[in-house]
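Inspection log for the structure reproduced underneath, given as structure tokens.
In UniProt numbering, the protein residues as written are 1 to 414.
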């Protein structure tokens, strides 16, 4: 090291010093001196970048509680999160968002009617960007669908259940919040449920109307009509419903609507007073595929779901705002995805949907650039396996990867 200088002096023949390294990494397939000098230059640059990153690394974040002791015991023997200042559990993040009905309206206020839901739409130039619907547009459309359901005979209140049989898309959320507008209860049907399980769920909740994303799913339910004792209406989100299609459904005692058709109907019919839900009202019955027997329906209130979202308060250093963007690809029939989305809506954030094909998820993520990506271990394992299969193709690649990973782990553990 030169006296009074922060820089290290490198030997003039450093290029030749990398011959052995590059021969080892590439199997000796390169012999050009220029190649070795380029490797040396890249290595020096990497060292310099590493020095810069190390000296500009983020400050250590002190955990709110000891990670090894995150709860404390109450007098009755139950346990509570240690960081809470009192023994009173939180029931919502905000006093003006105690139900799922209220959370989107709060989101509209705090985001100043910002973008809420997005999907990829192919343009004339061949690109496929995300196109966004604003909060008030989603609210208005959900109210129209709600009024249409009243008009065709679906009663308001907690005695009526609304089925939804669809992949994640904006119409899923519009249907969900149309259900809440008159305090109805949403019943999602899993993509993987068999015909017998679907029939059981529909009959147990006495569902009269089901929203489907595709005509094929509506046709599947039509074929089970003789077993679905209460089913009267099917609504298809995709465009293209014909009068011939409607006639075929009418023959078996079902009325078929297109989603846009139902929206238009709701916009023109006479409006009845809205009946917003209360925190103690049921919001959804989430059917689980039990290990044995028929599906089990889990009853969750608006208060249950909004209280679950208070876990966000634990992550005070990464608070979500209206600038945040979430990628939605986990099934909305699962409560994890719905709870996270409810938090995003409460904070006025945006939710972008994948195109429905998991094989295109990486491209969707690159296009959306989300700040929040809810995942489950199975998905992370797939990402890990894919990454490692690429890393293991080259010894040099593997060495660099392991070095970067070790650095990141040290940074996290500080």
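All C-beta atoms in this analysis are idealised placements derived from N, C-alpha and C, irrespective of residue type, glycine included. Here the structure is a predicted model, which means the values were calculated and not measured.
Taking the beta carbon of residue 392 as the centre, do at least 16 other beta carbons fall within 10 Å, making it buried, or is it exposed? exposed
**Message:** Taking the alpha helix (DSSP H) that residue 90 belongs to, which residues open and close that run?
**Reply:** First-last for residue 90: undefined, no H or E at that position.
Check whether the region 141-150 and the region 174-183 touch, using three or more Cβ-Cβ pairs below 8 Å as the test. yes
### Query
From which residue to which residue does the beta strand (DSSP E) around residue 186 run?
185-188
- request: State the Cα-Cα distance for the pair residue 38 and residue 351, rounded to the nearest angstrom.
  value: 44 Å
Cβ-Cβ separation, residue 92 to residue 237 (assumed contact under 8 Å), whole Å:
Between residue 92 and residue 237 the Cβ distance is about 31 Å, and since that is not below 8 Å, they are no contact.
Point to revise | Under 9 Å between C-beta atoms of residue 361 and residue 329 | key: yes
**Study point:** Residue from 407, 359 and 395 whose Cα sits closest to the Cα of residue 379
**Key:** 359
**Prompt:** Thinking C-alpha only, which one of 230, 228 and 218 is nearest residue 248?
**Reply:** 218
- Message: My output table needs one value for residue 397: the three-state DSSP class, helix, strand or coil.
- Response: helix
If I measure Cβ to Cβ from residue 171 and keep anything under 8 Å in the same chain, skipping five residues before and after, which residues do I get? 211, 213, 237 and 259
Assuming residue 256 is part of the beta strand (DSSP E), what are its boundary residues? 255-258
Which same chain residues end up closer than 8 Å to residue 224 when comparing Cβ atoms and leaving out the 5 residues on each side of it in sequence?
195, 198 and 199
Distance CB(residue 188)-CB(residue 284) smaller than 9 Å | yes
Sub-9 Å separation of residue 295 and residue 102 beta-carbons
no
*In chain order, which beta strand (DSSP E) runs of at least 3 residues are fully inside the region 284-345?*
296-301 and 325-328
Spatial neighbours of residue 246 within its chain, please: CB distance less than 6 Å, with the 5 preceding and 5 following residues excluded, ordered by chain position. 256
**Asked** Span of the beta strand (DSSP E) holding residue 74?
**Response** Unbroken run through residue 74: none, as it is neither H nor E.
Coil, strand or helix - residue 150 by DSSP: helix
Looking only at its own chain, which residues have a Cβ that is under 6 Å from the Cβ of residue 274, when we skip the five neighbours before and after it? 181
Check: Which residue comes first and which comes last in the alpha helix (DSSP H) that contains residue 107?
Finding: 100-110
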